[in-house]
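Data first, discussion second: the structure below is written as structure tokens.
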Amino acid sequence: MLFLVYFSNAQQIDNSFITQLEYGEMLYKNPRGIGCIKCHNKGNKSVIIAKYKEIDKKTKTLVEKLIIAPAINNVSFEKFIEKMKADKTESKVMPTYFLTDDELKSLYYYIKNINKK
Ligand code: HEC
442 MLFLVYFSNA
452 QQIDNSFITQ
462 LEYGEMLYKN
472 PRGIGCIKCH
482 NKGNKSVIIA
492 KYKEIDKKTK
502 TLVEKLIIAP
512 AINNVSFEKF
522 IEKMKADKTE
532 SKVMPTYFLT
542 DDELKSLYYY
552 IKNINKK
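Okay, here's the thing in structure tokens:
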């Protein structure tokens with residue numbers, strides 16, 4: 442009997458079974474869209490996500506351009522929220538997301554703790 446009770450409780454998946462850090466990590470990898478990890482990698486260093494060449498209008502020569510996903514582990518909460526709620530990012534490279542305030546809090550908690558793990 443006791444065993445049955447234990448079993449039915451265990452089947453309810455509840456956020457309290459995972460820590461905020463684990464929840465944040467899950468969102469980092471799968472935020473209902475392209476995972477942050479795909480561009481920002483571990484988040485603690487800037488990552489070159491693309492290189493391309495463009496003609497410089499002034500010098501008429503080919504110049505190499507980089508698209509960089511910056512390190513995000515030291516970003517302020519204000520900056521983070523501003524970015525995550527923007528409907529268009531300045532680079533137009535980073536996608537927009539539709540995360541709830543609670544999800545954003547856990548995600549922020551995770552990126553602030555990336556180095557500490
Ligand atoms: C397709 C690549 C890509 C993905 C996926 C992506 N980002 Fe970004 N992110 C960028 C690029 C490029 C920039 C810098 C240019 C800009 O701000 O648009 C950036 C900038 C940021 C910044 C601002 C950093 C600063 O110092 O200004 C934050 C915070 C951030 N990303 C967090 C996230 C989080 C959290 C996720 C996942 C929910 C995510 N990004 C997913 C490419 C990406």
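Mapping the sequence shown onto our numbering, position 90 (from 1) lands on 531, and the numbers just tick up by one.
No residue lacks a Cβ here, since even glycine has one placed at the ideal position from N, Cα and C.
Can the beta-carbon of residue i be found closer than 8 Å to that of residue j?
i	j	result
A512	N485	yes
M525	L540	yes
Could you tell me how far apart the beta carbons of residue i and residue j are, in whole angstroms, since I believe they sit closer than 8 Å?
i	j	result
I509	I489	6 Å
K494	E505	6 Å
Does the beta carbon of residue i sit closer than 8 Å to a beta carbon anywhere in chain C?
i	result
D542	In the structure shown, chain C does not exist; there is a single protein chain.
Considering only residues of the same chain and omitting the five flanking positions on each side of residue i, which have a CB-CB separation below 6 Å?
i	result
Q452	Reliability fails at Q452, whose pLDDT of 46 lies under 50, so the model's placement of it is uncertain and the value that follows must be treated cautiously. Closer than 6 Å at the Cβ level, and outside the excluded window around Q452, lies no residue.
N482	V488
Quick one: what's got a C-beta closer than 7 Å to residue i's C-beta in the same chain, skipping five residues either side?
i	result
S547	Q461, Y464, G465, L468
Y549	F518, F521
N514	G484, N485, I552, K553, I555, N556
P536	G474, I475
I454	Note on I454: pLDDT 48, under 50, position unreliable in the model; the coordinate value appears next. For I454, where only same-chain residues beyond five positions count, there are no Cβ hits under 7 Å.
Beta carbon of residue i: closer than 7 Å to some heavy atom of the ligand MG?
i	result
M467	No copy of the ligand MG occurs in the structure displayed; its ligands are the ligand HEC alone.
Check each candidate in the options and name the one with the smallest Cα separation from residue i.
i	options	result
G476	Y538, I496, D528, N514	Y538
L545	M535, E523, D528	E523
C480	K529, A527, V534	V534
Leaving out the 5 sequence neighbours to the left and right, which residues in its chain are closer than 8 Å to residue i when beta-carbon positions are compared?
i	result
F458	none
L503	K494, E495, I496, D497
D528	T537
task: Could you tell me whether the segment 490–509 touches the segment 464–476, using the rule of 3 or more Cβ pairs below 8 Å?
output: no
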